[in-house]
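Trainee: To start, I am sharing the structure in question, which I have written as structure tokens.
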Amino acid sequence: MIKTKKVVIRLLSVLVVTVLLLTPIVSITVAAAPGPWTYTALGDSLAFGVFDFQRGGYVPRYGAYVQTDTSANVSLNNLGRNGWTSSQLLNALRTDQNFRGSVSSSQIVTWDIGGNDFLRARSGYQAGTCGGANNQDCIKSTVATFKANWDSIIAEILSLRSISNTVIRTMDIYNPYINEDKASDSWRDDGGLNDFDALKPYLDDVNRYIATRATINNIPYAKVYEAFNGPAGNEDPSDKGYISFDGLHPDDSGHKVIADLLRSLGYAPLIEPAPALTAVQFSQASYNVAESGGSVQITVTRSGDTSSSVAVDYATNDNSAGARCDAVTGAASERCDYSTATGTLSLAPGEATKTFTVIIIDDGFADGTETLSLALSKPTANANLGGQSTATLTITDNDVAAVANPIDTNSFFVRQQYIDFLSREPEQAGFDAWLAVLNRCGAGDSTCDRTEVSASFFRSEEFQSKGYFVYRFYKVSLGRLPSYTEMIADMGRVTGATGDEVIAKKAAFTSEWVKRPEFKAKYDGLSNAAYVDELLRTAGVTLAIRDQLVADLQNNLKTRAEVLRVIVESQEVYSKEYNGAFVAMQYFGYLRRDPEPEGYAAWLRVIERNPADYRTMVNGFIASVEYRLRFGQP
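First residue of the sequence shown? That's 1 in this note's numbering, and the numbers climb one at a time after it.
Given below as structure tokens:
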């Protein structure tokens, strides 16, 4: 049923998308005064400059930046039109000779569009006139139309100017209505979603599309959505002081943020950026932690130019050479003494430090002081590794003699399930809940014993969305099991502190996967149809949407990474690979090693013959001497 709602009519009907991040002056190299240049701005009321009473909008602000930073003489032609949609902008680029002539004679072109498209769809949703079972058909139609228009806008601009001799920039779309929509529930038949939760997935989808299409066409874009609405897209830009009194358009500060974001992208190809002058390294050469400390924070710093975003990979390195956990070697083992930490640290403009966590395991052995090494690698192109790119972590033992195996205590056991299967420390509520299950479980009760609790971690939504997600990429595209080292490293790449962070990391993982040498060697030479067919052949499944996937590639509606993910997340692949992943994770999680082929095949036969009898397999691993020896005398 439709909830009655009074819709406030805004003075100017334009929802635009912008980004925020205060960015310093971009470092450029100018041999002599260039120019003169013409700057043409296209878009809606955002480009028009509504409610920037100081400087007239982001367009003149950005034009001034270009002139200041490059010493060029810049003339401005602002063709922003109040209230325009993507269809109107596309029509002008196709038929209006003033627009076409201005773009074709310009050395700088920017555009923003889309806010009004979604403002109208939002109004339809809130009025209950959007159509469809969930009152969302008009939004879906708007998304499809916008995507088609967006590609055509890019095509028109690139038919008039080339990225080889023109500064071409665009931006994604912000949401000015976060607080308002979180407090509204216009459509009760959608499962109780408030307006924010109902509408946000569509805006996220569109902004991902903008990012993908801009990247494919080598057009730098300003991340206005992230700047205005935060990394997770759930922050109201009004709370940051970026929205004017009408509750919709940017104010002076908001327009400045957009101009700053465009400025941070540099002015290539007209002016090439200066080499990066930033170095990332560990904050110190050595770190120390007590074995009973639980975890330790490792700090990475950067120095020099911090005006741009940089990223660097980090990893712990096991120097134990596979020694048994009861051996005293002085080398810490990731099976017994700590949990492997691996991932990517991203530092935003102006951010000088970042930390990652190494989880420590308090085993029952008297094994003395042990060390492991830490390493940084693969900095982004605008950064270098500093002199301290490696470091040592020392774990100080708290046992003078061997003690009872701590895995026999329920609290240790529960924490270890989080570490081994979810690659993180437990949250307090979850830890307390699982501990209560075990503490209250009667002897012989198979509904709540350790076997059942441990199996629940593999079957949990969190593991399925992270560990099983990673596992299927190997099986679908490479036709093989991941190794233990690969699995743990890739699980770290999709692990985040929040659900939104996990979503973002999974998207980044998918994009990075298709760039891996093993994948490229197998698929880069294939046509789009052959690419889809080879993925399906390798995965061993047949999908009814095969032809649609090929068509999406042919029409540039999906990238190869996106098509791969569709297949990976299909129900057919999910069902086919489930048992194999269940068996593999017994080795990866409990034993922290690769499965031996015979053992893997034997356990897979057990679970394939009787999928309901997973308890036999799980109990076999948690009761094994190899598993118990990780933590103390078996």
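Glycine is no exception: its CB is placed at the ideal position from the N, C-alpha and C atoms.
#1: Grouping DSSP H, G and I as helix and E and B as strand, with all else coil, what is Pro-250?
#2: Between which residues of its own chain and Asp-117 is the CB-CB distance below 6 Å, once the five residues before and five after are set aside?
#3: In the stretch 142–180, which residue ranges form an unbroken beta strand (DSSP E) of at least 3 residues, counting only runs that do not cross its ends?
#4: By the three-class DSSP mapping on this structure, what secondary structure does Ile-288 have?
#5: Around the C-beta of Asn-165, are 16 or more other C-beta atoms found within 10 angstroms, so that it is buried, or is it exposed?
#6: If you compare alpha carbons, which of Lys-506, Asn-77, Asn-175 and Asn-579 is closest to Thr-40?
#7: In chain order, what residues of the same chain have a beta carbon less than 8 Å from the beta carbon of Ala-489, not counting five sequence neighbours either side?
#8: Taking the C-alpha atoms as reference points, what is the distance between Phe-582 and Gly-43?
#9: So, with DSSP's three-state summary, where would you put Ala-311?
#10: Return the CA-CA distance between Leu-46 and Gly-80, expressed in angstroms with no decimal places.
#11: For Phe-588, tell me which candidate among Phe-421, Gly-442, Leu-604 and Leu-543 has the shortest Cα-Cα distance.
#12: Using C-beta distances below 6 Å, list every residue in its chain close to Cys-336, excluding the 5 sequence neighbours before and after it, in chain order.
#13: Quickly, what does DSSP pair Leu-42 with across the bridge? List them, please.
#14: DSSP state of Ser-377, grouped into three classes?
#15: Bridge partners for Tyr-221 per DSSP, in chain order?
#16: Going by CA-CA distance only, name the one from Arg-263, Tyr-600, Ile-607 and Ile-503 that's closest to Asn-204.
#17: Taking Thr-510 as the reference, give the member of Ala-352, Ser-477 and Ser-527 with the closest Cα.
#18: Report the residue from Ile-622, Arg-208 and Gln-126 whose alpha carbon sits nearest the alpha carbon of Glu-452.
#19: Roughly how many angstroms separate the alpha carbons of Tyr-468 and Ser-253, rounded to a whole number?
#20: With three or more beta-carbon pairs closer than 8 Å as the criterion, would you say the stretch 169–179 touches the stretch 244–262?
#21: Using only the alpha-carbon positions, how far apart do Phe-53 and Thr-68 sit?
#22: Do you know offhand how far Thr-306's Cα is from Cys-138's?
#23: Determine the contact status of Gly-492 and Ser-575, defining contact as a CB-CB distance below 8 Å.
#24: Go ahead and pull the three-state DSSP assignment for Tyr-242.
#25: Let's test the definition: count the other Cβ atoms within 10 Å of the Cβ of Ile-154 and tell me whether it reaches 16, buried, or not, exposed.
#26: Between Ile-298 and Phe-365, which are expected to be in contact by the criterion C-beta below 8 Å, what is the C-beta distance as a whole number of angstroms?
#27: In angstroms, rounded to a whole number, what distance separates the CA positions of Asn-282 and Asn-288?
#28: Tell me which residue opens and which closes the beta strand (DSSP E) that Gly-304 is part of.
Mentor: Reading from the atomic positions:
#1: strand
#2: Thr-85, Ser-86, Thr-142 and Phe-146
#3: 167–171
#4: Correcting the residue type first, residue 288 is Asn in the shown sequence and not Ile. In this structure, Asn-288 counts as strand in the three-state DSSP scheme.
#5: exposed
#6: Asn-77
#7: Ala-315, Thr-340 and Thr-342
#8: 52 Å
#9: strand
#10: 7 Å
#11: Phe-421
#12: Cys-325, Asp-363 and Arg-630
#13: Leu-79 and Trp-111
#14: strand
#15: Thr-170
#16: The residue asked about is misnamed: residue 204 is Asp in this sequence, not Asn. Nearest C-alpha to Asp-204: Ile-503.
#17: Ser-477
#18: Ile-622
#19: 44 Å
#20: yes
#21: 21 Å
#22: 44 Å
#23: no
#24: coil
#25: buried
#26: With 8 Å as the limit, Ile-298 and Phe-365 do not qualify as a contact, their Cβ atoms being about 24 Å apart.
#27: With the sequence shown as reference, residue 282 is identified as Phe, and Asn is not the correct amino acid for it. If you take the alpha carbons of Phe-282 and Asn-288, they lie about 14 Å apart.
#28: 295–304
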